[in-house]
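In my numbering, the protein residues as written are 471 to 854. Here's the structure, in structure tokens; my notes come after.
See below:
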């Protein structure tokens with residue numbers, strides 16, 4: 471059960487929507503003021519910059535306190551037990567800060583909850599005398615992240631829980647001898663499929679209202695995890711594929727199937743996050759198609775790919791705009807909200823941070839080599 475009341479969470483989300491609608495010109499200032507008067511919540515909030523500063527300060531302070539305690543008590547062999555105990559204390563510290571000072575995404579209580587996750591995971595990894603165990607660590611990280619998500623509603627904790635759960639099978643080989651890549655990938659995919667199904671069911675129970683939006687994000691994260699593990703060309707960093715031909719070509723087929731299925735589900739459910747993720751998957755599939763088939767990449771491939779993306783975008787926009795009232799089944803080609811336009815502007819501005827063309831290489835002639843001279847002759851008898 472979440473510590474924040476469900477009605478308060480909904481009011482906070484509606485307040486954000488009202489502000490966005492006003493900035494987009496959909497509401498007048500008088501309408502905004504009347505609506506915000508009914509959406510008041512008794513919580514302390516701050517801007518994102520102070521929130522980030524308080525979060526970093528809290529992380530440093532809490533971890534320094536744990537380290538100092540370990541040094542004072544000389545807890546070397548029992549350091550894992552200290553970390554797990556500290557994690558429990560940090561978890562309840564976050565709850566106390568919220569109950570006492572009415573913090574909501576204030577930074578300090580988030581630092582305490584996140585520190586509890588990290589400390590519990592590290593403590594579980596080194597708790598036993600048998601040594602460090604990454605398997606225990608990721609199991610503890612997944613469990614602690616989900617508990618924090620379920621109690622405090624932090625979306626990033628829920629996303630972390632999904633990711634940590636998917637990484638667990640890749641730590642089996644150290645102790646069980648299961649070193650083959652294909653079984654571990656299949657187990658991880660099964661975990662993501664189960665999470666996807668559970669999150670999807672919970673989202674449908676609440677539609678777009680809280681906490682349905684949170685479960686929608688977890689559903690999308692699990693869907694992305696399935697695709698990442700399926701596409702062997704983008705997840706070689708996680709584990710090296712073992713080259714099973716049947717599995718290889720099955721994953722190639724699913725790199726095309728998963729984006730198509732995701733797009734279909736997103737359109738039916740009007741699930742924006744899943745829609746964006748499926749479009750991104752389709753783009754990645756096009757990018758990795760040639761390496762999958764063993765083709766040789768050419769310097770002009772990115773140019774051709776960019777032209778294809780531009781053509782698809784223009785055709786899709788014209789198709790949507792040609793419908794009744796400039797829309798088709800409720801989908802339009804224009805961005806109505808100011809927040810969406812800002813995100814698009816930020817994404818466009820980020821392209822300026824990409825590396826430019828390399829500087830042309832200038833080949834300077836090597837310095838002349840004088841060799842073979844004899845003393846007394848100033849090298850006259852040598853070669854220049």
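Even glycine gets a Cβ: it sits at the ideal position worked out from N, Cα and C.
Of all alpha-carbon atoms in 520, 715, 790, 488, the one lying nearest the alpha-carbon of residue 506 is that of 488.
Around the beta carbon of residue 671, a 10 Å sphere encloses fewer than 16 other beta carbons of the protein chains shown; the residue is thus reported as exposed. For residue 473, no alpha helix (DSSP H) segment is defined, and its DSSP state is neither H nor E. Beta bridge pairing from DSSP links residue 797 with 802. With at least 16 other beta carbons inside 10 angstroms of its own, residue 622 counts as buried. In the three-state DSSP reduction, residue 514 falls in the strand class (E or B).
As for any alpha helix (DSSP H) of minimum length 4 sitting wholly inside the region 717-777, the runs are 742-762, ordered along the chain. A direct Cα-Cα distance of roughly 34 angstroms separates residue 526 from residue 659. According to the DSSP secondary-structure assignment, residue 573 is paired through a beta bridge with 514.
With respect to residue 576, residue 515 sits close: the two C-beta atoms are nearer than 8 angstroms. For residue 622, the enclosing alpha helix (DSSP H) covers residues 604-622. Within the same chain, Cβ atoms closer than 8 angstroms to the Cβ of residue 663 are found at 692, 696, the five residues on either side in sequence being excluded. In summary, residue 593 is buried, with 16 or more beta-carbon neighbours lying within 10 Å of its beta-carbon over all protein chains present.
In the DSSP annotation of this structure, residue 703 is not part of any alpha helix (DSSP H), being labelled neither H nor E. Relative to the Cα of residue 656, the nearest Cα in the group 794, 569, 712 belongs to 712.
Rounded to whole angstroms, the gap between the alpha carbons of residue 732 and residue 738 is 10 angstroms.
DSSP places residue 547 in the coil class of the three-state scheme, outside both helix and strand. Boundaries of the alpha helix (DSSP H) harbouring residue 501: 499-507, taken from the DSSP string. Collapsing the DSSP output to three states places residue 490 in a helix. A distance of 8 angstroms or more separates the beta carbons of residue 589 and residue 535. DSSP places residue 713 in no alpha helix (DSSP H); its state is neither H nor E.
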